Amino acid sequence: MEAPVWSVRLEAEPDPAMRVAILAPLVAHNEAQVPNGNWGLLALTVRDAGGAIVGGLWGRTGYGMLFVELLALGPARGRGLGRRLMRDAEAEARRRGLSGIWLDTWTFQVPGFYQRLGFTECGRIRDDPPGHDRIFYVKRFADGGTGPAPPP
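This is the structure:
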């Protein structure tokens, strides 16, 4: 029996189907190790008076945690909406029985905001991009996600 022949290719124009193909063996391996990852999506939108989305929060759930992938407000910034989005995301994470939230940000994106919400730094990549650090934060729910969300 002949061994398989492998080749490696730099794809000049990657497309979503390639990502799906690359991801498939990883998902199969992960599911074999930790079944039922409880995968899902979470979106909270901020809309203007006309109903157009001007910001919001986008997250993914898996392995008992919520990952906040995006939090952006644009013109709605500075009105307490970021705090409300994070509070509402935490309430939904608790409703789903998750044990906490994690996210990453940069030093130029007001990391103190997350610290004031009870997040603790769990990792840092220095000088990425140059002159700034990328910071990873986590907030574990002391009650394992079964208690009420914090007050507004």
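Residue numbers (my numbering): 130 to 281.
All residues carry an ideal CB built from backbone N, CA and C; glycine is no exception.
All of these numbers come straight from a predicted model, not from anything done at the bench.
*asked:* Rounding to the nearest angstrom, what Cα-Cα distance links G252 and W235 in this structure?
replied: One Cα belongs to G252, the other to W235, and the distance between them is close to 12 Å.
*Classify L139 as helix, strand or coil using the three-state DSSP reduction.*
The DSSP-derived three-state label of L139 is coil.
_Under DSSP, the alpha helix (DSSP H) around G260 begins and ends at which residues?_
Unbroken run through G260: none, as it is neither H nor E.
*M147 to G180 span [Cα, whole Å]*: If I take the Cα positions, the gap works out to 35 Å.
*asked:* With H, G and I counted as helix, E and B as strand and the rest as coil, what does DSSP make of Y192?
replied: Under the three-state reduction of DSSP, Y192 is assigned to coil, being neither helix nor strand.
*How big is the Cα-Cα spacing for R212 and A172?*
One C-alpha to the other measures close to 15 Å.
_V149 classed as buried or exposed, judged by whether at least 16 other C-beta atoms fall within 10 angstroms_ = With a threshold of 16 other beta carbon atoms within 10 Å, V149 falls short and is exposed.
*According to DSSP, which residues form a beta bridge with I182?*
I182 is bridged by DSSP to R176.
*State the start and end residues of the unbroken alpha helix (DSSP H) segment that holds G241.*
Counting along the chain, the alpha helix (DSSP H) containing G241 begins and ends at G241 to R245.
*Short Cβ contact (9 Å threshold) for L199 with G188*: The answer is yes: Cβ separation under 9 Å.
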